[in-house]
Structures are given as structure tokens and as C-alpha cells.
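Numbering (UniProt numbering), first residue to last: 1 to 319.
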């Protein structure tokens, strides 16, 4: 979507038992600054003091009217989600906001509040892995996926626990402002610039931790060499494991095969060059390791559903 002069409006809905990290992540990521054309309001079921989790309380100036104001509403997780239902007024306000075109994004166990609206029925969704089965049992019509970081269903989005809220926020930023703005925010937060929604919530316990660290180092190594030839054998050799072991573990860690991940990393690098440089499509294709402009156009459309030229018109800085 083109960047408009109006600040995008973000509401963070704080309910009883809200988890501090879940509240703080969208409030901090989208806080108004020169690089972030957003305005944030933290709200509750009513203005005043809201008792949160972990010994914290929140003094909110806005009530549910903020949901009518917002372009996107974040619903942080809260304690005892499988036992405590949201107040009917909250459910009604969320439904009314969604009807007006507002996106609703749940972090962690905030998925239970979003599920209470019925808007997740028949859709994929996720939540913190510890509560995934409880969500599926309470709302059997939801296609609960406990093995991913976040799920984007367009007008409704859900994420796993705590830090995956950052991944969801960065994903939303990429869609709103482009990959350069998302990467800038990630650097400010000292966060991984891109973890796919399909990445596993946690590494299986049977895998020794040093191997996970080794694979992370290999991904960093590959990101610095996207313009060079990269093969499965080269990646496995860097990680000092067999190609078969590397492929299996890579899918568990990221949700992609190694070469799918490399392709998406190259497309992301191309996106940033399209936004920040005047290089031609042919030059960018060569810089990110895709060889020709035709090859870049092919994979760009397959992954993003648009062309490099259309993408540049939408997100190029200064437009």
C-alpha cells in the first residue's frame, strides 16, 4: 500500500491479566518517530487502571472507542486464557472494528480473545505452544497450528508467544512500508530482521543446542554471500553436517528448505535495493545472486505476487 501522509493508527488493547512483553512490543515497535508513520494508543475495556500480569498494572487513557479510531488493533496475551472469556463489550467492539476494515492482530494468548469473536472460525491461527491444544479444544473450528511463529490471514493475524510478537510486527511493517523500514526497525530493536511465519516456535529438545547455534551462524554466513553461488552442499559443509541432516534440521528451524530460504533472502535483498537505490532490475538481479532480470521477475512475482517495477513504485523512498 502506498505510504500516505496520514499517520497509521495503532491501538493496543489491554485486558485484565495482560502480559507486559505482549503489551510493550507493539507499543514500542509502532511508536511515532520520523521513520515510523504510526500513532499508538493503549486502551482498555474502559479508561483507568487495568491490572496486568507479573505484578504490573496499566493506566490507560482510552476505552473501546480507540478501536473505532484504529487501523490495526493488537490484542496482547493474558493469564488464564482458556478459563477467562473477554467481556461481551470487548467482543462487540472488536467485531465492529473488523467490520469497518480494521485489522486485528493477536499476540500469544490474545488469540483466545480474538477467537471469541468467531473471526478465526475456519481459518488458520496460532498461539503460544503451551496453549495451542487448549485453543483447539475451546474453539474446534479454528485450524490451530502450534508449530509456527505467526499466521497472517489478511484481516486477522495471530502470533506465538512473547518474542514472536516482534516477528509479527516486523511482518506488518514489511507489508505497510516495505522491507527497508522493517529492517531499520529490526536494527533499532536489535532483533532478527526476518523470521518467517513458518519458522518453528522452538527447537526440538532432542537436538543439542550447539547444533542450533551452528545453523544460525550458517544462515548469517549465507546472508553475507547472497550474490555468490550457494548450494545445499555448501551450506551443509559450513555447518559441518551432512546435506541430509542439514535439510531436515533447517526445515524444523525455519519452515523452509535451505534453498527456499536462500531464494526468499535474495528476494528480500532485492526488495531493499528496489526501495533504496536507483539500480536497474538487471543490476539488482546480479547483486542478489539471481543472475538475470527475467529470473528476478519470475521469482519476485511467484513469492510476492507483484513485479519489481510495481513494487518500486509502491515503496521507493521519496515517493
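Don't be surprised by glycine CBs; every beta carbon is placed ideally from N, CA and C.
Keep in mind that this is a model prediction, so the values were computed, not measured.
- Within the same chain, 59, 60 come within 8 Å of residue 48 by CB-CB distance, once the 5 residues on both sides are set aside.
- With a 10 Å radius around the Cβ and a threshold of 16 neighbouring Cβ atoms, residue 140 comes out exposed.
- Within the model, the alpha-carbon separation for residue 116 versus residue 160 is close to 17 Å.
- For the 8 Å CB-CB criterion, residue 18 and residue 55 do not form a contact.
- Bounds of the beta strand (DSSP E) holding residue 106 are 103–107.
- Beta-carbon to beta-carbon, residue 8 and residue 38 are separated by about 5 Å, close enough to satisfy the 8 Å threshold.
- In the DSSP assignment, residue 39 is bridged to 9.
- DSSP places residue 142 outside both helix and strand once states are collapsed to three, so it counts as coil.
- Within the same chain, 141 come within 7 Å of residue 122 by CB-CB distance, once the 5 residues on both sides are set aside.
- Here residue 224 carries a coil assignment [DSSP, helix/strand/coil].
- The C-beta distance from residue 35 to residue 265 rounds to 23 Å, too long to meet the 8 Å contact threshold.
- With a contact defined as Cβ atoms closer than 8 Å, residue 110 and residue 166 miss out at about 14 Å.
- The shortest CA-to-CA distance from residue 129 to any of 307, 158, 119, 103 is the one to 158.
- For the 8 Å CB-CB criterion, residue 246 and residue 257 do not form a contact.
- When DSSP states are grouped into helix, strand and coil, residue 164 belongs to the helix group.
- In the DSSP assignment, residue 65 falls within the unbroken alpha helix (DSSP H) covering 65–69.
- In this structure, the straight-line span from the alpha carbon of residue 97 to that of residue 287 is close to 43 Å.
- A distance below 8 Å separates the beta carbons of residue 10 and residue 70.
- Taking residue 262 as the centre and dropping the five residues before and after it, the same chain places the C-beta of 222, 230 closer than 7 Å to its C-beta, in chain order.
- Residue 107 is a Cβ neighbour of residue 77, given a cutoff of 8 Å.
- The beta carbon of residue 126 sits closer than 6 Å to the beta carbons of 145, 148, 151, 158, 160 from its chain, once the five residues preceding and following it are set aside; these are given in chain order.
- Just so you know, the alpha carbons of residue 104 and residue 244 end up roughly 40 Å apart.
- The three-state secondary structure of residue 58, taken from DSSP, is strand.
- CA-CA distance, residue 282 to residue 276, rounds to 16 Å.
- Residue 15 sits close to residue 45, with the two beta carbons spaced by under 8 Å.
- For residue 309, the enclosing alpha helix (DSSP H) has its first and last residue at 308–315.
- Here residue 101 is exposed. Its C-beta has fewer than 16 other C-beta atoms within 10 Å.
- One thing to note: residue 93 has its Cβ within 8 Å of the Cβ of residue 67.
- Contact annotation: residue 124 and residue 153 have beta-carbon atoms nearer than 8 Å.
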